[in-house]
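J.: Residue numbers (our numbering): 383 to 695.
Backbone N, C-alpha and C fix where the C-beta goes; we use that ideal spot for every residue, glycine too.
Keep in mind that this is a model prediction, so the values were computed, not measured.
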Ligand SMILES: Cc1cc2nc3c(=O)[nH]c(=O)nc-3n(C[C@H](O)[C@H](O)[C@H](O)COP(=O)(O)O)c2cc1C
């Protein structure tokens with residue numbers, strides 16, 4: 383079989399994403415980020431070029447540490463101003479048919495009950511083309527914006543993430559059965575109440591006390607999940623929850639040729655096992671879990687031992 387390549391466009395709902403200073407170029411139109419046509423073009427262009435996905439980064443908070451203020455951040459538009467990332471997705475979905483949409487949302491400042499509705503609404507409006515890049519934040523300024531003194535500790539944020547996801551799955555997967563929606567005009571019954579169930583979640587951080595999920599099932603129910611943390615705890619979270627992991631930030635990802643590829647693989651191997659093995663132990667099926675494998679192909683198998691053996695061959 384011929385090999386397939388996945389193409390993903392990367393942007394953020396702001397002027398200065400990661401290519402700082404580029405907004406000043408006469409042919410750059412990032413300053414139009416707050417206009418609908420900007421996003422429609424951003425969707426239609428990659429779809430025409432057979433891209434698979436548009437991926438939107440996001441941060442909550444601002445970079446206010448350098449010089450104890452936002453002088454550079456504001457002058458250079460370093461991810462400030464930054465608009466809410468989810469609103470542009472229905473614009474892009476309406477203008478395309480096949481493109482997927484990955485959106486970054488920070489779970490630390492959300493509640494599963496409300497967030498599940500937001501994701502399901504987007505999954506409806508994209509007709510099942512949604513992915514959520516799960517982040518837990520890294521800025522104290524965000525924490526202060528919601529009344530905390532500083533960020534919640536690193537590993538605690540991932541612990542909260544596990545709990546959040548457990549409630550999130552229950553809401554989206556466990557409340558409305560398939561077939562609960564009848565839309566039966568003759569019998570004047572939109573949905574069958576016997577097939578809509580209460581959700582209970584009593585976790586260490588989040589409680590959901592006998593509520594019905596607000597949305598009817600969307601095409602995917604749970605969107606495709608991404609997670610990019612590279613710490614040991616982050617990888618464990620990715621293996622347990624995410625469908626994809628992004629390793630682009632690693633400093634060793636440069637270089638060409640077979641020797642460079644071998645170096646990459648050696649570098650990635652311990653991390654690969656750290657995130658892949660929780661996925662295997664949760665009996666996630668092959669194909670349900672991907673690492674960004676451009677430089678480090680990741681074999682999956684029925685057990686961690688077999689996966690490691692396959693990796694060595
Ligand atoms: C490629 C990549 C993209 C990321 N994009 C975002 C983002 O858009 N928003 C965000 O809040 N964090 C983003 N992060 C940060 C991670 O979610 C995470 O907070 C960070 O890597 C620290 O977690 P760790 O200690 O587990 O690595 C990104 C990280 C990487 C590697």
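1) Whole angstroms are fine: how far does the CA of residue 618 sit from the CA of residue 426?
2) Touch check for the segment 391 to 407 and the segment 464 to 478: three-plus C-beta pairs under 8 Å?
3) So, under 8 Å CB-CB, residue 557 and residue 581 are touching, yes? Tell me the CB distance rounded to an integer number of Å.
4) By Cβ distance below 8 Å, which residues in the same chain neighbour residue 413 in space, the five residues on each side in sequence not counted?
5) What I want to know is whether the C-beta of residue 728 ends up closer than 6 Å to one or more non-hydrogen atoms of ligand 1.
6) CB-CB under 7 Å to residue 494, same chain, minus the five flanking residues each way: which ones, in chain order?
7) Can you list, in chain order, the residues of its chain with a C-beta nearer than 8 Å to that of residue 446? Leave out the 5 residues immediately preceding and following it.
8) Below 7 Å CB to CB, which residues in the same chain sit around residue 448 once its five sequence neighbours on both sides are set aside?
9) What residue range is occupied by the uninterrupted alpha helix (DSSP H) comprising residue 506?
10) Helix, strand or coil, according to DSSP, for residue 633 in the structure here?
11) Applying the criterion that 16 or more other CB atoms from any shown protein chain within 10 Å of the CB defines a buried residue, is residue 539 buried or exposed?
12) Among the residues of its own chain, which have a CB less than 6 Å from the CB of residue 525, if the five just before and after it don't count?
13) State the CB to CB distance for the pair residue 577 and residue 621, rounded to an integer number of angstroms; the pair is presumed to be in contact (CB under 8 Å).
14) For ligand 1, is there a heavy atom less than 6 Å away from the beta-carbon of residue 517?
T.: Taking the geometry as given:
1) Going by the C-alpha atoms only, they are around 36 Å apart.
2) Touching, yes.
3) Confirmed, about 5 Å.
4) Counting only residues of its own chain and dropping the five nearest sequence neighbours on each side, residue 413 has a CB closer than 8 Å to the CB of 397, 405.
5) The structure shown does not extend to residue 728, since the chain spans only 383 to 695, so no value can be given for it.
6) The beta carbon of residue 494 is closer than 7 Å to those of 546, 549, 550, 553, 588, 590 in its chain, skipping five residues each way along the sequence.
7) 452, 455, 523.
8) 454.
9) 494 to 507 is the span of the alpha helix (DSSP H), which, as asked, contains residue 506.
10) In this prediction, residue 633 has a pLDDT of 32, which is less than 50 and means its spatial position is unreliable; what the coordinates show is noted afterwards. When DSSP states are grouped into helix, strand and coil, residue 633 belongs to the helix group.
11) With 16 or more other Cβ atoms within 10 Å, it is buried.
12) Cβ-Cβ distances below 6 Å link residue 525 to 532, 533 in the same chain, with the five nearest sequence neighbours on each side left out; the list follows chain order.
13) In fact, because the Cβ distance is near 33 Å, the residues do not count as touching under 8 Å.
14) Yes, since a heavy atom of ligand 1 falls inside the 6 Å radius drawn around the Cβ of residue 517.
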